[in-house]
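Colleague: Yeah, the sequence shown ends on 712 if you go by the numbering used here, and it's all consecutive. Below are the structure tokens for one structure; questions will follow.
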Amino acid sequence: MMMYRWLLALKKPSNRLWVTPAGWAVLAVCFAFAARLAGVWLPPDVLPEIQLSTLEGLLDVIASSMLAVSTFSLSIMVSAFSSAANGATPRATELVMGDDNTRTAIASFISAFIYAIIAKTALGTGFYGQNGRFVLFVSTIVVLVYLIVTLIRWVYTLSQLGRMDNTLNKIQTAAHKALVEFRANPQMGTAWRGTCGSSVCLVKAGYSGYLTHIDMASLQNRAEKSEAYVHILVRPGELLMHDTPLMLIEGGNGREDGFTDCFVFGQTRSYDQDPNWGFIVMSEVAQRALSPAVNDPGTAISVMTGMMRLLTGRPSENNGSAVTQYDRLSIKPLDCGEWVRDGFAPIARDGAGILEVDLVMQKVLAGIWRNAPEASVSEAAAEMAEKALQRALQELSFEHDAQQLKRKHEALFGN
């Protein structure tokens, strides 16, 4: 269970932001000292002689330029975080932090700077022999070539980082990943379908906050050791109080020791096991776009079409993760209709007075109604379309617009 929490911490983008550069920095130090081994493993002076001034010049270029580039890149990265928070939603900042190209570039620049400083210092103390200086020269050329490639990629990343399209795409990608995992394994791998008897033990959360993850493997292992069966009463993403019922334990002598350790709580929600969170964050982007200060219906329309693509996607038939594996666990079913209600209700409220948004919403909800693989999502889409229509009819002051929207709804839903 402790390992599971450590892995979650390392997967968190805000933590990976410093873990990657730190790891690369250690690697850079090892890389700089590794050239010394050439003098141990190879015969003396077997490699070509490299002038000390040549190496010092190359290392000076790397050290001076990478320090400036690292400082500049960090300032750009902070600006991108601020842009994502102000332009889209603060909940998207963590996804921008997790950009692989950004972390790789920052780690490359910092580690190259450290490599140059360590190598230059060791070179000045006579740490390297003739063989070592040649190996260091080749290594430095390799580092320079890699830095050139990284800089070119970094220029492209800078042109995208923090922009609305890029941020929205990251949110959709995170939501899509969680949705695919849910559709492949809607019961989170649980296989027990029994019922709890009279000797059941009710366990409460004992914590106030969001349930972010459930360590199903550890919970199964705990149930096996206790010869118990566990029915989980909550889903990741729910806001729990101290007295919220968490699970029912059948058997196990009524003991609950260690079971609650398998539940991970936090102050904010996570995308991993919570597909609904992605739709909420996307909806927040649309709400901000529809505010009078921004007045950007196009972004709201992009959000709605993105949610439609996610909700009408088909589960993969070849995904092996759908195989159940926890025969002592069961979990309450997830109301998939919440995806539609949480995603579209705020947009229907804030965009009710904008005809373009109303028309697209009816088209999108009709597409979800016809094509969503989950029946509850299809039903929720039809209900949301009717509610959105009623909201819009109250807000649209021009009668022609109201009648146009009403005809569109009737044509799409046949009523």
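Here a beta-carbon is modelled for each residue, glycine too, at the ideal position from N, C-alpha and C.
DSSP has S627 in a bridge; who is on the other side?
Modeller: Answer is H528.
Colleague: In this structure, does DSSP put S618 in helix, strand or coil?
Modeller: With a pLDDT of only 48 at S618, under 50, the local geometry of the prediction cannot be trusted, and no value is derived from it.
Colleague: Using only alpha-carbon positions, find the residue among R566, A689, V637 that is nearest to W666.
Modeller: Nearest option by C-alpha distance: V637.
Colleague: Thinking C-beta only, is G459 closer than 7 Å to K381?
Modeller: According to the sequence provided, residue 381 is Ala. The question's Lys does not apply to it. Against a cut-off of 7 Å, the Cβ pair of G459 and A381 comes out as a contact.
Colleague: Of the residues G610, A663, D624, D698, which one's Cα is nearest the Cα of A649?
Modeller: Out of G610, A663, D624, D698, D698 has the C-alpha closest to the C-alpha of A649.
Colleague: Assign I438 to one of two classes, buried (16 or more other C-beta atoms within 10 Å of its C-beta) or exposed (fewer than that).
Modeller: Exposed: under 16 other Cβ atoms inside 10 Å.
Colleague: For the stretch 314-351, which segments carrying the alpha helix (DSSP H) assignment without a break, of at least 4 residues, lie completely within its bounds, in sequence order?
Modeller: Listed in chain order, they are 335-338.
Colleague: Please state whether DSSP places T602 in a helix, a strand or coil.
Modeller: In the structure shown, T602 sits in a helix (DSSP, three-state: H, G or I).
Colleague: Give the DSSP-derived three-state secondary structure of M374 in the structure shown.
Modeller: M374: helix per DSSP, three-state reduction.
Colleague: Could you work out which residue in T317, V654, D396, S673 is closest to T470 when comparing CA atoms only?
Modeller: With distances taken between Cα atoms, T470 lies closest to D396.
Colleague: Is the stretch 643-657 touching the stretch 670-689 in the sense that three or more CB pairs, one from each, lie closer than 8 Å?
Modeller: At 8 Å Cβ cutoff, the stretches touch.
Colleague: Less than 7 Å separating the beta-carbons of A404 and W451?
Modeller: No. Outside cutoff.
Colleague: Under DSSP, the beta strand (DSSP E) around Y443 begins and ends at which residues?
Modeller: Per DSSP, Y443 belongs to no beta strand (DSSP E); it is in the alpha helix (DSSP H), 427-457.
Colleague: With 16 as the cutoff for other CB atoms within 10 Å, does I546 come out buried or exposed?
Modeller: Buried is the call here.
Colleague: Closest to D462 by CA distance: which of A319, L344, A597 is it?
Modeller: It is A597.
Colleague: Compare the beta carbon distance of L508 and E535 with 7 Å and say whether it is the shorter of the two.
Modeller: In this structure, E535 lies closer than 7 Å to L508 by Cβ.
Colleague: Is Q701 helix, strand or coil when you go by DSSP?
Modeller: Q701: helix per DSSP, three-state reduction.
Colleague: I'd like the ranges of any alpha helix (DSSP H) spanning at least 4 consecutive residues and lying wholly in the stretch 393-421.
Modeller: List check, alpha helix (DSSP H) in window: 397-421.
Colleague: Among the candidates K474, R625, A672, E692, whose CA atom is the shortest distance from the CA of A492?
Modeller: Sequence check: residue 492 is Thr here, not Ala. Considering only alpha carbons, the answer is R625.
Colleague: Between which two residues does the beta strand (DSSP E) harbouring V500 extend?
Modeller: Where V500 is concerned, the enclosing beta strand (DSSP E) stretches over 498-501.
Colleague: Grab me the residues of E521's own chain with a C-beta within less than 8 Å of its C-beta, minus the 5 sequence neighbours each way, in chain order.
Modeller: For E521, where only same-chain residues beyond five positions count, the Cβ hits under 8 Å are R625.
Colleague: Could you say which of D571, F556, D639, R611 lies nearest to A583 if we only look at CA atoms?
Modeller: The shortest C-alpha separation from A583 is found at D639.
Colleague: Quick one: what's L537 bridged to in DSSP?
Modeller: According to DSSP, which records beta bridges pairwise, L537 is partnered with G506.
Colleague: Give the range of the beta strand (DSSP E) segment to which G548 is assigned.
Modeller: Where G548 is concerned, the enclosing beta strand (DSSP E) stretches over 542-548.
Colleague: Contact defined as beta carbons within less than 8 Å: I believe L702 pairs with L662. What is the distance between those atoms, to the nearest angstrom?
Modeller: In fact, because the Cβ distance is near 13 Å, the residues do not count as touching under 8 Å.
Colleague: Among G549, G503, G595, which residue has its Cα nearest to the Cα of N518?
Modeller: The option with the nearest alpha carbon to N518 is G549.
Colleague: So what does DSSP say about V582, is it helix, strand or coil?
Modeller: It is helical.
Colleague: Report all residues from its chain with a CB closer than 8 Å to the CB of A325; omit the five preceding and five following residues, and keep chain order.
Modeller: Result list for A325: S408, A409, I411, Y412, I415, in chain order.
Colleague: If I measure Cβ to Cβ from S618 and keep anything under 6 Å in the same chain, skipping five residues before and after, which residues do I get?
Modeller: Model confidence at S618 stands at a pLDDT of 48, short of 50, so the residue's coordinates are unreliable; what they give is reported in the following sentence. Cβ neighbours of S618 beyond the five flanking positions: A481, N482.
Colleague: If you pair each beta-carbon of the stretch 425-443 with each one of the stretch 348-361, do three or more pairs fall below 8 Å?
Modeller: As far as the Cβ criterion goes, the stretch 425-443 touches the stretch 348-361, which means the pair count is three or higher.
Colleague: Cutting at 8 Å between CB atoms, please list the residues of its own chain near V674, excluding the five before and the five after it.
Modeller: Contacts found: L608, C633, G634, W636, V637, I665.
Colleague: Buried or exposed: where does L430 fall if 16 or more other Cβ atoms within 10 Å of its Cβ makes it buried?
Modeller: Before going further, note that residue 430 is Arg rather than Leu in the sequence given. Buried, since its Cβ has 16 or more Cβ neighbours within 10 Å.
Colleague: Can you tell me whether G421 is buried or exposed, with buried defined as 16 or more other CB within 10 angstroms of its CB?
Modeller: Label assigned to G421: exposed.
Colleague: Does DSSP classify F695 as helix, strand or coil?
Modeller: In the structure shown, F695 sits in coil (DSSP, three-state: anything other than H, G, I, E or B).
Colleague: So, at 6 Å on beta carbons, what are the nonlocal neighbours of V561 in its own chain, with the 5 sequence-adjacent residues on each side left out?
Modeller: Cβ neighbours of V561 beyond the five flanking positions: T509, H510.
Colleague: For S523, count neighbouring C-beta atoms within 10 Å of its own C-beta (all shown protein chains included) and say buried if the count is 16 or more, exposed if not.
Modeller: Its Cβ being crowded by 16 or more others within 10 Å, S523 is buried.
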